[in-house]
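Protein chains in written order, with the numbering used here: chain Y, 1 to 308; chain C, 1001 to 1309. Even for Gly, the Cβ is constructed at its ideal location relative to N, Cα and C.
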């Protein structure tokens, strides 16, 4: 049993049309459908290689922010097992029935110790990728607009008490700690956690205000695609926050940038293989700059302080 | 519940010239020698890739002929060895158990059995951890003193079987691998199948051919540019390149194939895609087999089908 991977991120945006234009034309996601959520206009998006119904939901709200984030579990029985473990921990768990949420079946929802709403789901409506299952080309159609990442990769949230969040995600939800940044007193400033993707992170937590979203990231196949993505972002006048550069933590290659309403996105590639018994990598506070941005070796204040 | 089989742990290959093969695998491919030993009177060289934490991922074994001695998969928990022993015995497959270090230096506790294709298969737990070449505190992303191609890790093994369907059923039903892709003949039978445990397109694959045959084993590279640079290194050293850098239809991977100095085929591989446990398998038809294997050229050289070890 276990948590498999990030399935979707649900976000509030104060300008749904502008955000939709950005996520389809610049990021190059597929618009799956439009509709309403709790009386607000909403839109659902996915990447070209994703078989699930969606990996991003935007809904109109005067204030940008994170509604919730959803992970897929490894088997159908896992929902019940996690519900019991969460209740034993003292979390309030609510069940969402099939038919209540677009594109997926039954799920459980709860608040994590740092205040974000997390959801776990097994049954997801499979709508297929753009290639099909019979003699599929290895690459997407060449006329996809924008960056067109194949899939969503991971999410980074803030927490006032990183150690408490880490304990919750590892002990209650069974995520695996791969890397951590420790301050001079041995307190965790940031933690990187893996589900079952054998990658350095599916979820990360960095010190900051409870409830906040730092960014979510899309996978790109290699550094050359990161470089091309930077060209596309600059051409479209998108504000680049950091990069293209390399992380010390995760070893990934990266660019950070902001959507038109100020929510941080990342494109990410690289990393390394993670066995379940892999020893944890530790970064010390004095090397935090290299841990964040290995080439620049600076702890960017905008990067650490700006969030949604 | 355990994650059961995690990934390919190692391959042991036979080589008629141990010193020549060891020189190639360390200086051209850029693996790290971790030990020398002998078993059953045959000299062995133990090798690992730089980013691997465990004692070995390739073992070279002095033998009169080339080919695959066995393939080994890592299991998550020690109890998984008992779990699979029971499953194998329930389908009348004899299983041999070995204590840690019994099979050689750095070796974990293991079980061994024969697949329907005659391949010796091992499941192992508790390999000696020797670390990668980086510290666990403030590690740089890559060591600086690597030689040769220096792939970070072993990726998959590709073998041959007279009865691909029997091999596939065994790996799926008994060992709990998942089918990601298959090439079907016009009459509907499987010509080749691709099987995974690591949520990637393949950890092991099989194609129609003589039982016990090794088609190739593959190392992971980080990207297409790494494949291109590797081809430069191979050509510089006069290594015989079987298939120059190109792309697969099956797995979507980027690849180059070449031969070690004693005739075992190696591959460098990158790319692929994420695989959920309920992934619907992809099917390639016989008339598209050329594109399935080499997408750009749409045809496969005879050598690729007929030469194996």
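Check whether residue i and residue j have beta carbons under 8 Å apart
i	j	result
residue 1216 of chain C	residue 1265 of chain C	yes
residue 293 of chain Y	residue 247 of chain Y	yes
residue 65 of chain Y	residue 12 of chain Y	yes
residue 1152 of chain C	residue 1220 of chain C	yes
residue 1192 of chain C	residue 1206 of chain C	yes
residue 177 of chain Y	residue 156 of chain Y	no
residue 206 of chain Y	residue 158 of chain Y	yes
residue 1284 of chain C	residue 1249 of chain C	yes
residue 231 of chain Y	residue 129 of chain Y	no
residue 1112 of chain C	residue 1067 of chain C	no
residue 1169 of chain C	residue 1195 of chain C	no
residue 1310 of chain C	residue 1045 of chain C	Lying before the first or after the last residue shown, residue 1310 of chain C is absent from chain C, which here runs from 1001 to 1309.
residue 341 of chain Y	residue 23 of chain Y	Absent from the model: residue 341 of chain Y. The displayed extent of chain Y is 1 to 308, so no value can be given.
residue 1084 of chain C	residue 1008 of chain C	no
residue 1075 of chain C	residue 1199 of chain C	no
residue 1065 of chain C	residue 1016 of chain C	yes
residue 1140 of chain C	residue 281 of chain Y	no
residue 146 of chain Y	residue 26 of chain Y	yes
residue 265 of chain Y	residue 216 of chain Y	yes
residue 72 of chain Y	residue 5 of chain Y	yes
Range of the contiguous beta strand (DSSP E) that encloses residue i
i	result
residue 1305 of chain C	No beta strand (DSSP E) contains residue 1305 of chain C, which is instead part of the alpha helix (DSSP H) from 1302 to 1306.
residue 1011 of chain C	1005 to 1015
residue 1220 of chain C	1214 to 1220
residue 80 of chain Y	Element bounds for residue 80 of chain Y: not the beta strand (DSSP E) but the alpha helix (DSSP H), 78 to 89.
residue 36 of chain Y	30 to 37
residue 179 of chain Y	176 to 182
residue 42 of chain Y	40 to 46
residue 157 of chain Y	151 to 159
residue 64 of chain Y	Element bounds for residue 64 of chain Y: n/a, residue is neither H nor E.
residue 111 of chain Y	107 to 111
Backbone secondary structure at residue i - three-state DSSP
i	result
residue 268 of chain Y	strand
residue 1055 of chain C	coil
residue 1100 of chain C	coil
residue 236 of chain Y	coil
residue 225 of chain Y	helix
residue 1172 of chain C	helix
residue 18 of chain Y	helix
residue 118 of chain Y	strand
residue 248 of chain Y	coil
residue 1131 of chain C	coil
residue 1291 of chain C	helix
residue 1268 of chain C	strand
residue 286 of chain Y	helix
residue 1181 of chain C	strand
residue 308 of chain Y	coil
residue 291 of chain Y	helix
residue 196 of chain Y	coil
residue 23 of chain Y	helix
residue 1204 of chain C	strand
Candidates the options: closest to residue i by CA position
i	options	result
residue 1142 of chain C	C:1263, C:1232, C:1222 and C:1009	C:1222
residue 102 of chain Y	Y:123, Y:133, Y:182 and Y:264	Y:123
residue 162 of chain Y	Y:215, Y:143, Y:188 and Y:180	Y:188
residue 1204 of chain C	C:1188, C:1229 and C:1175	C:1175
residue 1050 of chain C	C:1032, C:1062 and C:1058	C:1032
residue 98 of chain Y	Y:115, Y:4, Y:125 and Y:92	Y:125
residue 1270 of chain C	C:1279, C:1228 and C:1288	C:1228
residue 1060 of chain C	C:1035, C:1210 and C:1182	C:1035
Span of the alpha helix (DSSP H), counted from its first residue to its last, around residue i
i	result
residue 1225 of chain C	1224 to 1236
residue 1019 of chain C	1018 to 1023
residue 137 of chain Y	No alpha helix (DSSP H) contains residue 137 of chain Y, which DSSP labels as neither H nor E.
residue 1085 of chain C	1079 to 1090
residue 1044 of chain C	Taken as a continuous stretch (DSSP letters only), residue 1044 of chain C belongs to no alpha helix (DSSP H), being part of the beta strand (DSSP E) at 1042 to 1048.
residue 303 of chain Y	301 to 305
residue 1074 of chain C	Here residue 1074 of chain C belongs to no alpha helix (DSSP H); instead the beta strand (DSSP E) covers 1067 to 1075.
heavy atom of the ligand FAD below 7 Å from residue i C-beta
i	result
residue 1198 of chain C	This structure lacks the ligand FAD, and indeed carries no ligand of any kind.
Could you name the residues of the region 170 to 199 of chain Y whose beta carbon sits closer than 8 Å to any beta carbon of chain C, in the order they occur along the chain? 196, 197 and 198
Of all the residues that make up the region 203 to 231 of chain Y, which are near chain C by a beta-carbon distance shorter than 7 Å? 221, 222, 223 and 224
Quick one: which residues of the region 1279 to 1300 of chain C get their C-beta closer than 8 Å to a C-beta of chain Y? List them in chain order. 1279, 1280, 1281, 1282, 1283, 1284, 1285, 1288, 1291, 1292 and 1295
So if I threshold CB-CB distances at 8 Å, which residues from the region 281 to 297 of chain Y count as touching chain B? The structure shown has no chain B; the protein chains it does contain are Y and C.
Contact list for the region 1225 to 1237 of chain C against chain Y, Cβ threshold 8 Å: 1225
Of the residues that make up the region 1177 to 1199 of chain C, which ones have a beta carbon closer than 8 Å to any beta carbon in chain Y? 1198 and 1199
Note down, in chain order, all residues in the region 147 to 172 of chain Y with a beta-carbon under 8 Å from any beta-carbon belonging to chain C. 150 and 151
Along the region 256 to 273 of chain Y, what residues have a CB closer than 8 Å to any CB found in chain C? 269, 270, 272 and 273
Taking only beta carbons into account, state which residues of the region 124 to 144 of chain Y come closer than 8 Å to chain C, listed in chain order. 126, 133, 134, 135, 136, 137, 138 and 139
Give the residues from the region 1135 to 1146 of chain C that approach chain Y closer than 9 Å (Cβ to any Cβ), ordered along the chain. 1135, 1136, 1137, 1138, 1139, 1140, 1141 and 1142
Name the residues in the region 1152 to 1169 of chain C whose C-beta lies less than 8 Å from a C-beta of chain Y; which are they? 1152 and 1153
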